[in-house]
Structure formats: structure tokens, C-alpha cells
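A quick write-up on the structure given underneath.
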Amino acid sequence: MYGRAAGPLPAKESNLRGVHYQLTLANGLTVVAEHLPAVRSAAFQFIVPAGAVTDPDGQEGAATVLEGLSYRGAGDRDARTLSNALDALGMHRGGGAELEYSTFGGALLADDLERALELYADIIQRPHLPATQLPAERALALQKLQRLEDSPAEKMFVHLRSAYYRNGYGRTALGTADGLNALTPEIVQADHDSRYRPGGAILAIAGRFNWSSLNATLQRLFGGWEGAAPPTPAPDTTGRTRYLHLQQDTNQEQIGIVYPAVTLDDADYYSMRMGVEILSGGMASRLFSEVREKRGLCYTVRAFHQNVKGAGAILAYAGTTPERCQETLDVTLAEIRRLEEGVTEEELARARTGLLSSLVMQSEAARSRALSIGRDQFLLGRMRTMDEIRRAVESVTPDSILDHLRRHPARDFTVVTLGPKELEVSP
Amino acid sequence: MRFVQKVLDNGLTVIGEQNPEALSLSAGYFVKTGARDEALDVSGVSHFLEHMLFKGNENRSAEDVNRVFDEMGADYNAFTSEEYTVYYGSVLPEHQTPLLDLLTDLMRPSLRTDDFDMEKNVILEEIALYKDKPQFTAIDEVRSTYFRGHPLGQSVLGTTESITALQRDQMYSYWERRYAPNNLVLTLTGNFDWDEALSRVKSLSHGWKPTDSPRAKTEIAPIPQVRVIKDEKIHRAHLAFVAPGVSAQSDERFVASIIGDILGGGEGSRLYWELIEPGLADSISLGHDEEDGSGAFFGYASCDPDKAQMVVDKARGVFLKAMDEGLRDDEIERAKRKVASALVLHDEIPRGRLFHVGFDWQYREEYTPLDTAIDRYLAVTPEEVRSFLARRPFDLLTVLGLGPLSELS
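These protein sequences, in sequence, are chains E and C. Residue 201 is where the first sequence starts when you use this note's numbering, and the numbers rise one by one after that. Residue 3 is where the second sequence starts when you use this note's numbering, and the numbers rise one by one after that.
Below is the structure:
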């Protein structure tokens, strides 16, 4: 299917394409699932529509505190009994509050999937949210915020986001000290009642499972859940900051760049995406090769596309010592601009092979598939199949990338630097 | 699954675990060399050399190396630790031959002086990068404190001074001693063709000369220590812990892992309930790390600076209680379950499996099927846990605090 040569031990054709299932409950909860017959595990992720974007004004960080409190007792289990029940299933927990939503889930052996879903049905629908535990959860959130001061790269990205987006999309789930301190047990309970709702929620599952049994279990566990979360505002980038420097006595200067790009549902998406791969896919890509390999300017340099619902952006990052940071920024911006002078067929072929092969390798692991199909459902309202992605990637040509860049040239950069030195940003 | 192995005439060992169901294959050269094998005047050479191997040889330029990896859509990288340097890549099966050609070619680098000088900048940047991460500094420092001059306490990155002073010819002579074929193991996992791999590697490594690459393995004698590194530029208290464990060759390593998980393996561990749940620390971890002829429990916590003493005292309290009263049977059962499912999740892709197959061989010259490894964890008994803790390893705890701290006791 992917131009596989006649190998001695061919993989089964069915393995290359997981079977997809979709189910929307009457209350609006959407379930997307990909069956992967070759794995022994299953992974799942609930997307609950409570993220930093919809934290009420003045309560920034509410989603983080609510997510943390959800594990401090739920259903008929107290915090310890609940935690022990998850551990007894060998559940590897993931999740947390994010910009656009909060996630709950993880991965475990396939046979225990439905038992784990039972526990999460309680955590999401029936958490105790004990008032006595709010001070501890708040203390954790305040410490995470404080930890940014010892994490220069992460701190730069927080400021890059707020310099670029004007509304709630400029926040991060970390919140603010004022917002966290404003939370009361009543506010947290009301927040759960408002945002932890099936309307707008998604459950993504990947791995080995029995769909008809799963279907019945999900109806039983989540059929009685009611309501819909409040609507999410559209991202707003008007009047954004052009350059912001944060003075800090660090060893390396942190450099962040962001500029507008098309979204996943745009006809130009795959041409844009292949352009970004050529810029920063493998180690032969332009940024790595020009900034690190040829000039030795830094250890890390990369660019990537980031999609929020309703807006796309390309972000670039480099970290380097003060004596090399101006050149690092200049070369990085020059490489981003140079893309519109054209790409070669060889570069495109490498980018294509890299993307398609990572797609196949990703399908060997349930966890990465659950995250991917959940994100697809959130952004597109449907799962993309592997075939669809392959066809779209193969249809990109050097000309389609150029056409795309003529329509959407890399311009209007927002730059944030954090470190010992303020830089000159060429327009 | 089928295990295959062969030692070539030049001493190069090739092993593999075939999984015909896999969609990809992974291959990696495991080189038995790392920071512990360095003389102090070349501190950091193993890691710098790891970067230099990607600069190619007379057959390939640095650009060729990167380009060829990308052309086969490889997911590839390398890392250096105190004990090993590993170069690995994952590809779809049709790219097996170019991947093996390239990885094998990397083992015989030119170490050109202009590449060496350029890459030195990148290494210095990497050192600067980690200096801005107090968590890494704390773990590095606690290691050197605990090992008190033992080679296992040596820094992987080296220092700005040692890297600046390093000469190309020093690196070459280190490479000559440490990258002999009998000090390398090529490991394959996933969907690969064994006969093809073997004949390819045999012809590519023809003429490689074996040599002695000895490793000094002395026992360490840990003593309890507390050390504070005061740094007012840091905002949080970064606390690191080490206590003696068991080696990668010890049959007790499964017991040690279970104990590490119960005490500090994330949510639900004893340290979690003692420190995270009440909001005293925002991060805590503890795990057992088995090494060549040695082993230790390594832990880390971060908290507000004014809570540092309380966090250290409470962590110590958790260790003391475990040694005095032992661990409960239900905790042991849950930990076994967690470790077993973690193994399956990690090893069900060829790229994850590569490291277990490779390190099992490196440390013990044995092949352990995944289900056998799981069974060994599941076989741990409360009695084994009790007798391990009865030796009171945490009485020899080394504690390090980094941040705006004046003292710790």
C-alpha cells in the first residue's frame, strides 16, 4: 500500500488501515474509534470542553484546578480508592487541562478498557470536588506557574502566545495567580456544571476492542449525561505585538517566532504542511541544515504548524547563547522567507517519505492514534483515514507549494525573545 | 517472535527479535562506552563523538548522512549515557538495507577537523541549554555527589572548559579504543530480513579490527550526604535524591523496580500522597536505575524554597517508614500490574522493543522474551520486598538541594 517491496515477511494488509467506528450519543458526546488488531493495548482520551480559552474572565486557571480536583474522589470512591482502582488496572494515566479543552485518559492492556471507562465515567460526570481539597489543588497550580521562571523556553512560549492572540487564545492552561486565587468551591462546582458537558465532548479510542460490547458500555455509562458547554469564541489576532523582549539572566537566549497560516480544513493545508516539512522536517531540512549544521549556531531549531479551532499558525523556535542569537534569528527568518523562492522535487520527495512513513509507524501505537483521531474530530468534525492523508500528501507538487505561498506569504511575524539580549527584528 | 544472533569473525555481535506482524523495523548500534569510560581530561568526549559520527566519512559528507536518513523516512537519533552510546533508526521494511548501510558506515567516521570545530559550538550550546534547566543540574550534581569520584558520577556533557580544550586527535584515539567491533552490538527488532541483514553487515564491517576495550568496574561505598548549591537566580527549590540499589546483573532488579514504583512512581505512589496531594511539592519522582555492576534509586522533587526542608524531611519519613514497616501486599500487587502493563505499552512497537532487547544483551548477554520479562515482575513476592528493605538502603540517602536555599539538614 505504501510502495512496499515484496519483503520476506510482509505485514498483513489489514494492519495498515485501522477500521474506524463513530458513534454520537443523543446527548451530543461523540465517540471515534480506530481498531488496531495487531496491538495488545488500548488507549483512550476524553476531550471535555473546558480549556483555558473558556476560563471565565478573572478565573484564569480554572480548567486546571477543576481537572486536578476531578481525581480527588468521584462516584462512590474517595481519592485513594479511585487512584488504587486505576493502578490495579495498570492504567497509565495521561491528560490535563489545555488551551481548548481538558483531557482524561491514558493507555492500558486491552482487556481492561471497559473497566477503566467505568472509572472515568465517574471522574468526569460525578467528581466530589471536595472544598477541603481546593487549597492544595490551588497550591499545586500556583507552583506550576512559578516553575515557569525556571523554564525559560516554556516561559517564552507562554509570552509568544499572548503576544500573538488577543483574546482567550492568548492564555495558557497555567492561568494567572489572580485567577487562581479568585476560585472558591462554589465557583469550581458551578464551572463543572457548566463546562463538563457531553455537548462538545469527544471520546477517542484506539487499539484492540470489541465494538459492539464497547458501544453498549458507552451507552450505559454516558447515556444519562446531559447538557452542552458554552460556546467557544473565535481566535483573534488583530493588532498583535510585533516584537517583545523579556530580559532574564539566562545562559541561552530563547527565540520564538509565530505567523499566520492556513488551517487543517483549508484546501491549501497539505501544500502548507509540506512546506513546513521542507523547512523543518528531518535533519536535512532547511532550518536544521542552515542554522545548526552549516553555522553551528544552536542545538535546537525547529518550525511547526499549530492549529487551534478557527486559526492556524506556524511557530519557529531556537535557543542559543547571546553572541550567536542575532545571527540565529536573522538566518531563521531568512530561511522562512526563502521558501517562497521555490522548493526542489528532491526536498519534496524527502518530506513526503518522512510524513508517510511516520504515519505508518504511528499506527503501530494505540496511544498516538487515539490522540490523532480525537484531534481530527475536534478540528474537522471527522476522522481522516490514512488513505485520505496519503492521497493528499501525494498530490502536493513544488508548484502547489509555490502557489500556496503566493496566496499566503510568510509575513507579519510576531517575535518574542527571552534572555540577556534584546534583538533587532527585520520587518 | 524469533530470536536470532551471530558473532562475526571480527567480534561484532548482531542480534535480533523478529516480529513478522510489525509494520516497521528498528535497528541500533549499542556501543559499550560512555562518560564512565572517559579519562577526566577528555570529559564529554563520548557525547561529542556521538555528534561527530553523523558528520560522515570518506564515503559520505555530513549533508549526505542527514539526507540519506531523511530519504528513507527514518525516525532516527542517538544518545549517550554514563554507560552506553546508542545510534538507532526505524524505517518501513523496504528501507532495511539503506538503514543498515548508513548506521554501519557511521561507526567508521573521518572526524574531520573543520566538522569537529563547527560541532564544538553545537556541544557548547547544548551545555548552555542544560545550564538553564535546574532540574537537570540538580540530577547531575546529585549523581557526582553520591558517586564521590567513582566513574559513574562523571558528567555526560562534560564542561564548557573540557569541551573547549578537547582536541580532534584525543577524540580519535578514544574512538579507536572504544568503537572496536567487539565493543559493539547491532540490535534489530520488528519486521526485518535476518539473512539479508547479516550478509550486508558482514561485508560492510569487513576489515574492522577487534581490540581490548576494558571497563573499570569498582564497587562504590556510598555514605549519607547532604549538599546545598545556593543559586539566587533560580526561583524554586530543586531537590534530588540517591540511595543505593542493585546492578543490572542482579536478580533483585525486579524487586528494586517494584519498590521504586511504590515509593515514587507517579500518581498513587507513597511520595505522591505525602507531598503532591497536600500541595507541598508540585513534582516528585523516584525510580530504580540499574547499571553495569552498580545501581541506585534516583529521585527528584521541586517545591517552594521555604518548604524545602519540610519536603526533605517528609521524603525521608516515607523512606524510613518503608524500611521500618515494609510495604503492603496490595501495594505490591498494584505496582506489579502497573510495571507489567508499562512493559507491554513500551515494547509493542519495534522502536520501544529495541532498547529492551539491546540492553538485555549488553548487560547480561541474554535474550528475554517480553512475556518472560513480565512474568519476572509478576513473580516478585512480599518476602523479597521485605528482605530488600531490611538492608536499609535509604539510610545511605544522598540529598542535594539547588536554588535560593541557605541550608538543608
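Idealized CB from N, CA, C, for every residue including glycine.
Worksheet item: Taking the continuous alpha helix (DSSP H) assigned at E:Ser-283, which residues delimit it?
Response: Going by DSSP, E:Ser-283 is part of the alpha helix (DSSP H) stretching over 279-288.
Practice prompt. Taking the CB atoms as reference points, tell me whether C:Gly-412 and C:Ser-287 lie closer together than 7 Å.
Written response: Examination of residue 412 of chain C is not possible in this model, given that chain C is present from 3 through 411 alone.
Item to complete: Can you tell me which of the three DSSP states E:Arg-607 falls into?
Response: Helix at E:Arg-607.
Worksheet item: Distance, Cα to Cα, E:Val-219 vs C:Ser-343?
Response: So the alpha carbons of these two residues sit roughly 24 Å apart.
Fill in: Cβ-Cβ separation, E:Leu-348 to E:Lys-355 (assumed contact under 8 Å), whole Å
Between E:Leu-348 and E:Lys-355 the Cβ distance is about 4 Å, and since that is below 8 Å, they are a contact.
Worksheet item: Looking at the C-beta of C:Ser-287, does it have a partner C-beta in chain E at a distance below 7 Å?
Response: In terms of beta-carbon proximity, C:Ser-287 stays away from the interface with chain E, with every pair separated by 7 Å or more.
Item to complete: Find out if the Cβ-Cβ distance for the pair E:Leu-360, E:Gly-261 is shorter than 7 Å.
Response: At the C-beta level, E:Leu-360 and E:Gly-261 stay beyond 7 Å of one another.
Worksheet item: Between the stretch 243-256 of chain C and the stretch 117-124 of chain C, are three or more C-beta pairs nearer than 8 Å?
Response: Touching, no.
Worksheet entry | Any alpha helix (DSSP H) of 4 or more consecutive residues that is wholly inside the stretch 527-590 of chain E | Runs found: 545-562 and 566-580.
Worksheet item: Tell me which same chain residues have a C-beta within less than 8 Å of the C-beta of C:Leu-398, skipping the five on either side of it?
Response: The answer, listed in chain order, is Pro-224, Ile-225, Pro-226, Ala-245 and Pro-246.
Worksheet item: Can you list, in chain order, the residues of the stretch 236-263 of chain C whose Cβ is nearer than 8 Å to any Cβ on chain E?
Response: Residues passing the 8 Å Cβ filter: Ile-236, His-237, Arg-238 and His-240.
Fill in: Proximity test, Cβ basis, 7 Å: C:Ala-130 and chain E
Yes, contact with chain E.
Item to complete: Answer with yes or no whether the minimum CB distance from C:Leu-391 to chain E is below 7 Å.
Response: With its beta carbon at least 7 Å from every one in chain E, C:Leu-391 lies outside the interface.
Practice prompt. Starting from the N-terminal side, write out each stretch of the beta strand (DSSP E) that is 3 residues or longer and does not extend beyond the stretch 335-421 of chain E.
Written response: If we require 3 residues or more, the beta strand (DSSP E) runs fully inside the stretch 335-421 of chain E come out as 402-407.
Discussion item. Along the stretch 345-362 of chain C, where does the CB come closer than 7 Å to a CB of chain E? Name the residues.
Written reply: Per Cβ criterion, the list reads Val-346, Leu-347, Glu-350 and Ile-351.
Worksheet item: Tell me, which residues are paired with C:Asn-79 by DSSP?
Response: In the DSSP output, where bridge partners are listed per residue, C:Asn-79 has C:Tyr-90.
Practice prompt. Just the chain C side, please: which residues come within less than 7 Å of E:Asn-367 by C-beta, in chain order?
Written response: Under the 7 Å cutoff, chain C gives no residues; its nearest Cβ is about 28 Å from E:Asn-367.
Practice prompt. Report the neighbours of C:Met-173 on chain E: residues whose CB is nearer than 9 Å to its CB, in chain order.
Written response: Here the premise fails: no neighbours, minimum Cβ distance about 16 Å.
Discussion item. Taking the beta carbon of C:Asp-263 as the centre, do at least 16 other beta carbons fall within 10 Å, making it buried, or is it exposed?
Written reply: Counting Cβ neighbours within 10 Å, C:Asp-263 comes out buried, since at least 16 surround it.
Practice prompt. Determine, using beta carbons only, whether C:Lys-340 comes closer than 7 Å to chain E.
Written response: Interface annotation, C:Lys-340: in contact with chain E, CB-CB separation under 7 Å.
Worksheet item: Run through DSSP, which three-state label would E:His-628 get?
Response: With chain E covering 201 to 627 only, the question about residue 628 of chain E has no answer from this structure.
Worksheet item: Do you know how far the Cα of E:Leu-497 is from the Cα of E:Thr-528?
Response: Taking the straight line from one Cα to the other gives about 6 Å.
Item to complete: Indicate whether the contact test is met: 3 or more Cβ pairs, each with one atom in the stretch 592-604 of chain E and one in the stretch 162-178 of chain C, closer than 8 Å.
Response: No: the two stretches stay apart, fewer than three of their Cβ pairs being nearer than 8 Å.
Item to complete: Please classify E:Ile-271: does DSSP put it in a helix, a strand, or coil?
Response: First, the residue type needs correcting, since residue 271 of chain E is Tyr and not Ile in the sequence shown. Reduced to three states, the DSSP call for E:Tyr-271 is coil.
Fill in: Straight-line gap, C:Glu-385 to E:Asp-312 (C-alpha atoms, nearest Å)
One alpha carbon belongs to C:Glu-385, the other to E:Asp-312, and they sit about 28 Å apart.
Discussion item. Let me check understanding here. Comparing Cα to Cα, which of C:Thr-220, C:Val-248 and C:Pro-395 lies closest to C:Leu-151?
Written reply: Contrary to the premise, residue 151 of chain C reads as Gly rather than Leu in this sequence. Here the closest residue by C-alpha is C:Thr-220.
Discussion item. Within 7 Å of any Cβ in chain E, is that where the Cβ of C:Arg-336 sits?
Written reply: Yes, contact with chain E.
Discussion item. Please list, in chain order, the chain E residues whose beta carbon lies closer than 9 Å to that of C:Asp-72.
Written reply: Result: Gly-481, Gly-482, Met-483, Ala-484, Ser-485, Arg-550, Ala-551, Thr-553 and Gly-554.
Discussion item. Please identify the residue among C:Pro-22, C:Ala-250, C:Ala-80 and C:Val-9 whose C-alpha is closest to the C-alpha of C:Pro-352.
Written reply: It is C:Pro-22 whose Cα lies nearest to the Cα of C:Pro-352.
Discussion item. When you compare the CB of C:Ser-26 with every CB in chain E, is at least one pair closer than 7 Å?
Written reply: Chain E contact via Cβ: present.
Discussion item. Tell me the rounded alpha-carbon separation between E:Ser-600 and E:Asp-587.
Written reply: If you draw a straight line from the Cα of E:Ser-600 to the Cα of E:Asp-587, it comes to about 20 Å.
Worksheet item: Cβ of E:Ala-570 within 7 Å of Cβ of E:Glu-477?
Response: The answer is no: Cβ separation not under 7 Å.
Worksheet item: In angstroms, rounded to a whole number, what distance separates the CA positions of E:Glu-493 and E:Gly-423?
Response: Cα to Cα, the separation comes out at about 56 Å.
Worksheet item: I think E:Tyr-369 touches E:Leu-299, with their Cβ atoms under 8 Å apart; what is that distance to the nearest whole Å?
Response: Right, the Cβ-Cβ distance comes to about 7 Å (below 8 Å), so this counts as a contact.
Discussion item. Does the structure place the stretch 362-371 of chain C close enough to the stretch 231-240 of chain C that three or more beta carbon pairs sit under 8 Å?
Written reply: Because the criterion of three Cβ pairs below 8 Å is not met, the stretch 231-240 of chain C and the stretch 362-371 of chain C do not touch.
Practice prompt. Determine whether the Cβ of E:Ala-406 lies closer than 7 Å to any Cβ atom of chain C.
Written response: Output row for E:Ala-406: interface = no.
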